[in-house]
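So my numbering is basically just the index in the sequence shown, starting at one, shifted up by 261. Quick reminder that beta carbons are idealized off the backbone N, C-alpha and C, glycines included. Since the structure is predicted, the reported quantities are computational estimates derived from the model, not experimental observations. Below you'll find the structure, written out as C-alpha coordinates, and then a few comments.
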Amino acid sequence: LLSIGLVGGLIFLGSRLLNAKRISEQSIVRTQNPRISKIGLDGLVFSVNALVDNPTHTSVTITKPVITFTSSGNYIASSVPSRETFSIKGLSQTSLGAIEVPISWSALSPYLSNLISRIPSLSQSGSSNPASLGMPLEYTYSLYVNDVFYQSPPERIA
(Lines of atoms letter the chains of each structure in order from A and count residues from 1; the text may use other names and numbers.)
(Lines give C-alpha, C1' and ligand atoms only; values in the text may rest on other atoms or scores of the structure.)
Protein backbone atom coordinates (compact mmCIF):
# COMPACT_ATOMS: atom_id res chain seq x y z
CA LEU A 1 0.00 0.00 0.00
CA LEU A 2 2.88 2.36 0.82
CA SER A 3 4.56 1.60 -2.51
CA ILE A 4 1.34 2.38 -4.42
CA GLY A 5 1.09 5.75 -2.67
CA LEU A 6 4.76 6.45 -3.37
CA VAL A 7 4.42 5.57 -7.07
CA GLY A 8 1.23 7.65 -7.33
CA GLY A 9 2.98 10.60 -5.69
CA LEU A 10 5.95 10.32 -8.07
CA ILE A 11 3.65 10.19 -11.10
CA PHE A 12 1.74 13.26 -9.86
CA LEU A 13 4.96 15.17 -9.17
CA GLY A 14 6.43 14.15 -12.54
CA SER A 15 3.35 15.29 -14.46
CA ARG A 16 3.29 18.58 -12.55
CA LEU A 17 6.97 19.25 -13.33
CA LEU A 18 6.46 18.32 -16.99
CA ASN A 19 3.47 20.68 -17.25
CA ALA A 20 5.43 23.51 -15.55
CA LYS A 21 8.35 22.96 -17.94
CA ARG A 22 6.03 23.06 -20.96
CA ILE A 23 4.45 26.31 -19.77
CA SER A 24 7.85 27.88 -19.02
CA GLU A 25 9.04 27.02 -22.54
CA GLN A 26 5.93 28.50 -24.16
CA SER A 27 5.67 31.68 -22.10
CA ILE A 28 7.58 34.50 -23.71
CA VAL A 29 9.27 37.39 -21.96
CA ARG A 30 9.82 40.26 -24.33
CA THR A 31 11.81 43.35 -23.68
CA GLN A 32 11.01 46.69 -25.19
CA ASN A 33 12.76 50.00 -25.39
CA PRO A 34 16.22 49.19 -23.96
CA ARG A 35 17.68 52.57 -23.15
CA ILE A 36 20.25 54.49 -21.18
CA SER A 37 18.08 56.17 -18.58
CA LYS A 38 20.81 57.89 -16.56
CA ILE A 39 24.46 58.89 -16.87
CA GLY A 40 26.20 59.84 -13.64
CA LEU A 41 29.47 59.80 -11.76
CA ASP A 42 28.88 56.18 -10.72
CA GLY A 43 28.19 54.94 -14.24
CA LEU A 44 25.21 54.32 -16.49
CA VAL A 45 21.74 53.01 -15.76
CA PHE A 46 20.05 50.93 -18.43
CA SER A 47 16.29 50.51 -18.32
CA VAL A 48 14.24 47.98 -20.21
CA ASN A 49 10.49 47.37 -20.21
CA ALA A 50 9.48 43.73 -19.69
CA LEU A 51 6.33 42.12 -21.09
CA VAL A 52 5.20 38.52 -20.63
CA ASP A 53 3.09 36.71 -23.22
CA ASN A 54 1.32 33.60 -22.02
CA PRO A 55 -0.06 31.74 -25.07
CA THR A 56 -1.33 28.82 -22.99
CA HIS A 57 -4.73 28.39 -21.32
CA THR A 58 -3.04 27.98 -17.94
CA SER A 59 -2.22 30.84 -15.58
CA VAL A 60 1.40 30.99 -14.47
CA THR A 61 3.30 32.64 -11.67
CA ILE A 62 6.65 34.14 -12.54
CA THR A 63 9.35 35.94 -10.63
CA LYS A 64 10.58 39.36 -11.69
CA PRO A 65 13.17 38.72 -14.42
CA VAL A 66 16.84 39.35 -13.72
CA ILE A 67 18.34 41.15 -16.72
CA THR A 68 22.07 40.50 -17.33
CA PHE A 69 24.15 42.61 -19.71
CA THR A 70 27.28 41.26 -21.39
CA SER A 71 29.66 42.55 -24.02
CA SER A 72 31.19 39.98 -26.36
CA GLY A 73 30.19 37.33 -23.82
CA ASN A 74 31.84 39.11 -20.85
CA TYR A 75 29.64 39.94 -17.85
CA ILE A 76 28.99 43.65 -17.28
CA ALA A 77 26.07 43.92 -14.83
CA SER A 78 22.72 42.50 -13.72
CA SER A 79 19.53 43.86 -12.26
CA VAL A 80 18.94 43.17 -8.59
CA PRO A 81 17.23 39.79 -8.02
CA SER A 82 13.81 40.08 -6.41
CA ARG A 83 11.31 37.74 -4.78
CA GLU A 84 8.52 39.76 -6.39
CA THR A 85 6.11 37.51 -8.29
CA PHE A 86 3.52 38.17 -10.95
CA SER A 87 0.47 36.13 -11.87
CA ILE A 88 0.12 35.88 -15.65
CA LYS A 89 -3.32 34.81 -16.81
CA GLY A 90 -3.69 32.40 -19.70
CA LEU A 91 -3.93 33.81 -23.22
CA SER A 92 -2.81 37.26 -22.13
CA GLN A 93 0.06 39.71 -22.07
CA THR A 94 1.21 41.38 -18.86
CA SER A 95 3.56 44.33 -18.46
CA LEU A 96 6.08 44.01 -15.64
CA GLY A 97 7.18 47.64 -15.94
CA ALA A 98 10.70 48.97 -16.29
CA ILE A 99 13.66 47.03 -14.94
CA GLU A 100 16.78 49.09 -14.20
CA VAL A 101 20.33 47.80 -14.43
CA PRO A 102 23.05 50.05 -12.99
CA ILE A 103 26.41 49.62 -14.72
CA SER A 104 29.46 51.05 -12.98
CA TRP A 105 32.27 52.74 -14.87
CA SER A 106 34.65 50.07 -13.53
CA ALA A 107 32.57 47.36 -15.26
CA LEU A 108 32.93 49.35 -18.48
CA SER A 109 36.69 49.93 -18.02
CA PRO A 110 37.70 47.72 -21.00
CA TYR A 111 35.61 50.03 -23.19
CA LEU A 112 36.36 53.37 -21.50
CA SER A 113 38.75 54.62 -24.16
CA ASN A 114 35.94 54.35 -26.70
CA LEU A 115 33.23 55.59 -24.29
CA ILE A 116 34.99 58.69 -22.96
CA SER A 117 34.73 60.46 -26.31
CA ARG A 118 31.02 59.57 -26.62
CA ILE A 119 29.76 60.52 -23.13
CA PRO A 120 29.59 64.32 -23.66
CA SER A 121 27.56 63.89 -26.84
CA LEU A 122 25.30 61.33 -25.15
CA SER A 123 24.48 63.63 -22.26
CA GLN A 124 24.04 66.73 -24.46
CA SER A 125 21.99 65.09 -27.20
CA GLY A 126 19.89 63.09 -24.76
CA SER A 127 20.45 59.97 -26.84
CA SER A 128 19.27 56.96 -24.90
CA ASN A 129 19.99 54.33 -27.53
CA PRO A 130 22.50 51.73 -26.23
CA ALA A 131 23.96 51.47 -29.76
CA SER A 132 25.24 55.04 -29.35
CA LEU A 133 27.84 53.67 -26.90
CA GLY A 134 29.67 52.05 -29.81
CA MET A 135 30.31 48.77 -27.99
CA PRO A 136 28.87 45.28 -28.52
CA LEU A 137 26.08 44.76 -26.00
CA GLU A 138 23.91 41.72 -25.35
CA TYR A 139 21.46 40.79 -22.63
CA THR A 140 19.81 37.71 -21.23
CA TYR A 141 17.03 37.38 -18.72
CA SER A 142 16.36 34.68 -16.17
CA LEU A 143 13.28 33.97 -14.10
CA TYR A 144 11.20 31.22 -12.56
CA VAL A 145 7.95 30.20 -14.25
CA ASN A 146 5.84 28.11 -11.87
CA ASP A 147 9.05 27.33 -9.91
CA VAL A 148 10.90 26.13 -13.04
CA PHE A 149 14.05 28.13 -13.85
CA TYR A 150 14.37 29.62 -17.33
CA GLN A 151 17.23 31.58 -18.87
CA SER A 152 16.93 33.14 -22.30
CA PRO A 153 19.60 32.89 -24.98
CA PRO A 154 21.64 36.10 -25.43
CA GLU A 155 20.06 38.83 -27.54
CA ARG A 156 22.15 41.53 -29.14
CA ILE A 157 20.99 45.13 -28.65
CA ALA A 158 24.02 47.05 -29.88
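Asked	Found
Roughly how many angstroms lie between the CA atoms of Ala368 and Pro397, to the nearest whole one?	14 Å
Quick one: grab the DSSP three-state call for Ser332.	strand
Do you know how far the Cα of Leu305 is from the Cα of Ser356?	24 Å
With C-beta atoms as the reference, is Pro295 less than 8 Å away from Pro363?	no
Could you check whether Asn315 and Gly351 sit closer than 8 Å to each other, using their CB atoms as the reference points?	yes
Considering only the beta carbon of each residue, do Thr292 and Val313 sit closer than 8 Å?	no
Check whether the Cβ atoms of Tyr402 and Ser413 lie closer than 8 Å to each other.	yes
Which whole-angstrom value describes the C-beta separation of Ser365 and Asp303, a residue pair presumed to lie in contact below a C-beta threshold of 8 Å?	6 Å
With DSSP collapsed to three states, give me the class of Leu302.	coil
Strictly by DSSP, which residues pair up with Ile289?	Asp314
Looking at Glu361 and Ser340, is the spacing between their C-beta atoms short of 8 Å?	yes
Below 8 Å CB to CB, which residues in the same chain sit around Thr346 once its five sequence neighbours on both sides are set aside?	Thr322, Ile323, Thr324, Lys325
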